[in-house]
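A quick write-up on the structure given underneath.
Residue numbers (the working numbering), protein chains in the order written: chain A, 796 to 1072; chain B, 796 to 1072.
Below you can see the structure in the form of C-alpha cells.
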C-alpha cells in the first residue's frame, strides 16, 4: 500500500472537484528518498515553484512541503516520493478561481526494482512512434498533462527494452518517456533543447553542472535521430535512476558505460549525499 | 452542491491513484440535461468510446453509463452532466496496467447562468495568446489534458468577453476555449480542420449535419485569423450553449445573429428533443 497525504491529511482519495482530475491543472515532482531524506530537495522545490508560477498560481510553502515529505519518508531507506500540486478545486469550467487554494498530494512509493545492470552495464532503448507536440508556453514544465508519455510507454511490452526515446512532431529528438537524453560526441555532451517541448529534468541540470566543473562542454540544441549513429556514448537521466548508460538505441550500439558516462555517473553518485539538504 | 457518482457510488472523492489525477489519462463529455434527459446521448457515448479506443482502453458499457446518468439527472429540468472516464488506477509510472479497470466519474452541475442575449444577440470574443500545440495522435479527442484551455481562459477577466478564440502554434485558427468555431462566407460555412489539434465537438458535428440537410455547403480547412475579417457571420458551438452568434471578434464586427446562423440555430433547437434519446 502507498501512503498518501492529501493537503496534510492521510487519505486515499482526492476531492472529485480537483482540477488535477478535470484538466491536469498542476505540476508534479518525483523525489528520491535515501536514508529518510529527500535528495536534491531544493532543486525539486524550486522547479515546483517555477512550474506553478508559469501556470499562474502560487506553490505551497516549501516548509509545509518539507514537513509533509518528512512525515511520509522518515525511517525509509529508499523510496520514491511523488508530490503533486494542483490549482485545487473550483472555478467555472476552464476558468480558474480568482483565489485558488492549491492542493498537495504527496505519496510514497516503493523504490522501483530495476536490475542493477541498468546502471552498471546500460540499457536498450527504442524510438517511439508517439510524438511530442510543441508548445513553448508549456515546454520544460513537469505538468500533469502526460498523455503523450502514457501513449509512448504503451508502445512496447518487451522487458528487454527499458525506455523509449521520443521525437517531437517535427522529428527532432527530445527525451525519453521518463528521462532526459544525453549524447557524447568528440568528448563533449549534446542534449536536446527543451524550449518547445519536454521536461527540464533536475538530474539533467545536475549532469550539466557536474560536466561544467569537469571542463566537459555541453551543447544544448536540436538533434535529429540520425545523430544517434554519430554518438560515441549515450545516456539517460532522471532523479530516481540517476544516470543509465545506453548500450543500444534502435539499431545503434554503444560502449556502455562509456568513459564520459562513467565519470559523470561517479561524480553524481559521490556528490548525491552532499546535495540532499 | 454537486452530486457525483464515482464508479457507481455517490462520493465526493476519487482514488488518489487514479490516472486522471496523475497524467490526465482519460476523456470526458459534457452533456446537456433537459427535462431529466441527456441530449445527443448517442453522439456523446459514441465519442467517449472512440476517445477511449484511441487512448488504448475500453470505454465503460453504455448501458451502465445511461443508468448512472439517469440516476443523477432524473427530475432535473436543466443541468449539465459531466462524464469523466479515465484508465483507472494502477500501472507503473506512465506504463498502463495490462488490464485496466477504467473509472467513471459522473457529476451533475447547475445549468450555467449565461445571459439569454448571448444566444439571441450574440457575444464578443477575443483572440487568445495561448496557443494549441499540434499532435495528430491526440487531435479531436476530448481528453483530460486541458492546460492550454485553462491558460487561455485565464487571459481575460472582462465579463463583456464571453469566449476566446485559440490559434495553434503555427497561427491557424482552431476553436474557442470551450467551443468550436464557424465562419459564414458567401453563404457557406467554414470551420477549422481538427486533424492536428482541437476537440471535435458534438454540436459542431450536428451543425454540419443540419447544414448539409439545408443544402448549405461546409468547408473544413485551415484558416488564418485574417480571414475573420472576410466572414459575413461568425458563430460558436458546443453541446451546452448550442449556437452562440458572435457580434465582435477582436476588431471585426458582424451582424448577429446573421441569417445563416439564425437558420441553423432554429434547426438545431427544433430538432434537439428528437435527438435526445
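By construction, the Cβ of each residue, glycine as well, lies at the ideal position given by its N, Cα and C atoms.
At a cut-off of 8 Å between beta-carbon atoms, residue 798 (chain A) makes no contact with chain B. Between residue 878 (chain A) and residue 903 (chain A), the CB-CB gap reaches or exceeds 8 Å.
Contacts between residue 929 (chain A) and chain B, judged by CB atoms closer than 7 Å, involve 928, 964 in chain order. It is roughly 12 Å from the alpha-carbon of residue 971 (chain A) to the alpha-carbon of residue 1029 (chain A). The residues 929, 930, 931, 934, 963, in chain order, have a CB closer than 8 Å to that of residue 991 (chain A) in the same chain once the five nearest residues on each side in sequence are set aside. At a cut-off of 8 Å between C-beta atoms, residue 957 (chain A) does not count as an interface residue with respect to chain B. Put simply, the CB of residue 851 (chain B) is near chain A, with a gap under 8 Å to one of its CB atoms. Listed along chain B, the residues sitting closer than 8 Å to residue 900 (chain A) by beta-carbon distance are 811, 816.
Residue state for residue 813 (chain B) is assigned as strand, using DSSP reduced to three classes. Within chain A, the residues 941, 944, 945, 948, 972, 973 have their CB atoms less than 7 Å from the CB of residue 889 (chain B), given in chain order.
Three or more Cβ pairs closer than 8 Å define a contact, and the segment 827–843 of chain B falls short of that threshold against the segment 952–959 of chain B. By the CB criterion at 8 Å, residue 996 (chain A) and residue 1055 (chain A) fall outside the cutoff.
By alpha-carbon distance to residue 967 (chain A), the top candidate from A:1016, A:905, A:921 is A:1016.
In the structure shown, residue 857 (chain A) adopts helical secondary structure according to DSSP, grouped into three states. Beta bridge pairing from DSSP links residue 986 (chain B) with B:1015. Beyond the five residues adjoining it in sequence on each side, residue 808 (chain A) comes within less than 8 Å, by CB distance, of 801 in the same chain, given in chain order.
A straight-line Cα-Cα distance of about 25 Å links residue 844 (chain B) and residue 923 (chain A). Taking a Cβ-Cβ cut-off of 9 Å, residue 997 (chain A) has no neighbours in chain B, whose nearest Cβ is about 16 Å from it. Taking a Cβ-Cβ threshold of 7 Å, the residues of chain B close to residue 819 (chain A) are 819, 939, 940, 941, 942, in chain order. Judged by DSSP in its simplified three-state form, residue 845 (chain B) adopts helix. Boundaries of the beta strand (DSSP E) around residue 970 (chain A): 968–971. Residue-level contact check: residue 866 (chain A) does not touch chain B, since none of the beta carbons of chain B fall below 8 Å from its beta carbon. Annotated three-state conformation of residue 1065 (chain A) is helix, per DSSP. By the 16-neighbour rule on beta-carbons within 10 angstroms, residue 813 (chain B) is buried. By the criterion of a C-beta distance shorter than 8 Å, residue 803 (chain B) is surrounded in its chain by 859, 863, 899, once the five residues flanking it on both sides are discounted. A buried status is given to residue 846 (chain B), since no fewer than 16 other beta-carbon atoms sit within 10 Å of its beta-carbon. With contact defined as three or more Cβ pairs closer than 8 Å, the segment 879–893 of chain A and the segment 815–824 of chain A are in contact.
With respect to the 8 Å criterion, residue 1065 (chain A) and residue 973 (chain A) are not classified as neighbours on the basis of their beta carbons. As computed with DSSP, residue 938 (chain B) is found in a beta bridge with B:822.
Proximity of the segment 826–833 of chain B to the segment 869–878 of chain B meets the contact definition, three or more beta-carbon pairs being nearer than 8 Å.
Going by beta carbons, residue 1063 (chain A) and residue 1008 (chain A) fall outside the 8 Å limit. Around the C-beta of residue 1010 (chain A), fewer than 16 other C-beta atoms lie within 10 Å, and the residue is accordingly described as exposed. The beta-carbon distance between residue 960 (chain B) and residue 976 (chain B), rounded to whole angstroms, is 6 Å. This is short enough to meet the 8 Å contact definition. Taking the CA atoms as reference points, residue 870 (chain B) sits about 15 Å from residue 861 (chain B).
With respect to the 8 Å criterion, residue 940 (chain A) and residue 1047 (chain B) are not classified as neighbours on the basis of their beta carbons.
With a 10 Å radius around the Cβ and a threshold of 16 neighbouring Cβ atoms, residue 1045 (chain B) comes out exposed.
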